[in-house]
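Take a look at the structure set out below.
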Amino acid sequence: MAKRAAPREPIVLEPNGGRAYEMGRIRAVFKADCAETQDRYSIAEWWLEANTEGPHAHAHPEDNAFYVLEGTMSILVGDVWHDAREGAFVLVPGGVTHTFENRSNARAGILALVTPGVFEPEMEGIVAWYAKNPAGDAR
């Protein structure tokens, strides 16, 4: 007989609620991650100030889904950049190189869903990296 997972607790957050990570011109706010979702997914807002580069292009086995909350976020999928405006959705399958940056003159934000969701434990190292390597200007 298969072992049943422990029941998960509901999460209700007020606007701007969650666990925030400050990285200079970048701010991540985690709404739920591995501990709350039993590693099923991670969901976080990523906010970039005007004309700010994001993380270096990278690939990993997890899928990423991005929904633009505000402004226009330039999202690299493979070797093609997409200027995703507010309300746009971008799905990046696992293994595909990707990143995002804000090339506009106004703040931009995305809601990022990563599945499976073991991502937030990496944030301490990411914050430390940005402390030594501040985000530069977007292209």
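Using the working numbering, the letters of the sequence shown map in sequence onto residues 938 to 1076.
All C-beta atoms, glycine included, are put in the ideal place defined by N, C-alpha and C.
Model, not experiment: these values are computed from the prediction.
_Minimum C-alpha distance to tryptophan 983 - residue among Gly1015, Leu1050, Ala1025 and Pro998_ = Position 46 of the sequence shown, counted from the start, is the residue given in the question as residue 983. The shortest C-alpha separation from tryptophan 983 is found at Leu1050.
*What are the boundary residues of the beta strand (DSSP E) that glutamate 1038 is part of?*
Within the sequence shown, residue 1038 is the residue found at index 101, counting from 1. Note, glutamate 1038: beta strand (DSSP E), 1035-1038.
_Strictly by DSSP, which residues pair up with alanine 1021?_
For the purposes of this step, residue 1021 is taken as residue 84 along the sequence shown, with counting starting at 1. Answer is Met1010, bridged to alanine 1021.
*From the DSSP output, read off the bridge partner residues of glycine 1046.*
As a position in the sequence shown, residue 1046 is number 109, starting the count at 1. Residue pairing by DSSP puts glycine 1046 in a beta bridge opposite Trp984 and Glu1007.
*Outcome for phenylalanine 1037 when other beta-carbon atoms lying within 10 angstroms are tallied against a minimum of 16*: Stepping through the sequence shown from its first residue, residue 1037 is reached at position 100. Classification for phenylalanine 1037: buried.
_Proximity below 7 Å, CB of threonine 1052 to CB of alanine 996_ = On the sequence shown, residue 1052 is found 115 positions in, with the first residue counted as 1. On the sequence shown, residue 996 is found 59 positions in, with the first residue counted as 1. No.
*State the beta-bridge partners of tyrosine 958 as determined by DSSP.*
Counting from 1 along the sequence shown, the entry for residue 958 is found at position 21. According to DSSP, which records beta bridges pairwise, tyrosine 958 is partnered with Ala965.
*Would you identify the three-state DSSP class for valine 1064, choosing helix, strand or coil?*
Position 127 of the sequence shown, counted from the first residue, corresponds to residue 1064. Note: valine 1064 maps to helix in three-state DSSP.
*Taking the beta strand (DSSP E) that phenylalanine 1026 falls in, what are its first and last residues?*
As a first step, residue 1026 is located in the sequence shown; it is residue number 89 there, counting from the start. Phenylalanine 1026 -> beta strand (DSSP E) spans 1026-1029.
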